[in-house]
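Residue numbers (full-length UniProt numbering): 1 to 283. Just so it is clear, CB atoms sit at the ideal spot from N, CA and C, and this is done for glycine as well. Structure first, commentary second.
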């Protein structure tokens, strides 16, 4: 009778790669082996697992809560019940938690196109955006794939509060409360009429300032002084919806400058073309 030795199969680690983890999020992945004689014993052969994770020597499960972002490289060893071993090098990436980094949003105005893109960092893969609390101002919408808030506001409001959430490729989320203030329609540009710019020998008493109309306006306000520095050095005076004002007695042979501003329902002001006009009085 001839006896022959049976071939011995060493175990093999069949796990090809490890899923990405996220700081602070529970993690669990079980290593897989084949061949050899079960049960297997698992251990870290060299290097180390990311902080916060442990390897179960009986089941091969890597589990825990990662505490730091980064990439770790290490070697895993499998030992079967016949004391045959195999090793495999693996790497582990721990991503920072997803965080919405947009701190605040620009304000808008009724009838004016609005566009701003939200930003986030960390997490894994691409982000999906959503409004998870409150709602955007009327006329605006959020693109889930890009995080772009856009549209044309239709209703003036003091402030609209809402919460946006970014979800990464593995379902981790970050929420951020934000707000947008929508003012009334911005006053349209308009022109001053009289006296013409750089007019001379204007009457000292009863000089009338006039200007054209702007839309979206509840009132106008004017300012005039002698400093000629394109700044209101006296005070802005409201004339309501009127588009004319009669000045009192002025100094003779004196150069003045003047400006008009349009004011909308929420207090937004638009100066006439930003240009101050000048005139000089008569003797």
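If you measure between the beta carbons of residue i and residue j, is that distance less than 8 Å?
i           : j           : result
residue 184 : residue 161 : no
residue 45  : residue 87  : yes
residue 170 : residue 100 : no
residue 155 : residue 208 : no
residue 220 : residue 243 : yes
residue 122 : residue 96  : yes
residue 10  : residue 118 : no
residue 276 : residue 230 : yes
residue 94  : residue 50  : yes
residue 254 : residue 226 : yes
residue 98  : residue 168 : yes
Classify residue i as buried or exposed, calling it buried when 16 or more other Cβ atoms lie within 10 Å of its own Cβ.
i           : result
residue 172 : buried
residue 16  : exposed
residue 287 : As shown, the chain starts at 1 and ends at 283. That puts residue 287 outside it, with no answer to give.
residue 53  : buried
residue 249 : exposed
residue 274 : exposed
residue 228 : exposed
residue 182 : buried
residue 279 : buried
residue 177 : exposed
residue 264 : buried
residue 174 : buried
residue 120 : buried
residue 203 : exposed
residue 272 : buried
residue 147 : buried
With residue i and residue j assumed to form a contact (beta carbons below 8 Å), what rounded beta-carbon distance in angstroms separates them?
i           : j           : result
residue 237 : residue 192 : Their Cβ separation, rounded to whole angstroms, is 15 Å, which puts residue 237 and residue 192 out of contact at 8 Å.
residue 58  : residue 73  : At roughly 24 Å, the Cβ-Cβ gap does not stay under 8 Å, so residue 58 and residue 73 are not in contact.
residue 81  : residue 37  : 5 Å
residue 41  : residue 29  : 18 Å between Cβ atoms; not a contact.
residue 211 : residue 190 : 6 Å
residue 114 : residue 75  : About 54 Å; that fails the 8 Å criterion.
residue 251 : residue 281 : 7 Å
residue 21  : residue 27  : 4 Å
residue 217 : residue 187 : 5 Å
residue 179 : residue 159 : 5 Å
residue 129 : residue 166 : 6 Å
residue 78  : residue 13  : 5 Å
residue 60  : residue 31  : 4 Å
Self-check item: Whole alpha helix (DSSP H) elements within the stretch 202-250, 4-residue minimum
Solution: Taken in chain order, the stretch 202-250 contains no complete alpha helix (DSSP H) segment of 4 residues or longer.
Quiz item: Where in the stretch 110-165 do unbroken runs of the beta strand (DSSP E), each at least 3 residues long, occur, reported from the N-terminal end onward?
Solution: The stretch 110-165 contains these whole beta strand (DSSP E) runs: 114-117, 128-134, 140-142, 148-151.
Self-check item: Meets three-Cβ-pair contact criterion under 8 Å: the stretch 59-71 and the stretch 136-148
Solution: Contact fails: fewer than three Cβ-Cβ distances are below 8 Å.
Quiz item: What runs of the beta strand (DSSP E), each 3 residues or longer, lie entirely inside the stretch 172-196?
Solution: Counting only runs of at least 3 residues, the stretch 172-196 fully encloses the following beta strand (DSSP E) elements, listed from N- to C-terminal order: 173-183, 192-194.
Quiz item: Where are the beta strand (DSSP E) runs, 3 residues long or more, that stay fully inside the stretch 5-52, in chain order?
Solution: Within the stretch 5-52, the complete beta strand (DSSP E) segments of 3 residues or longer fall at 27-30, 41-47, listed in chain order.
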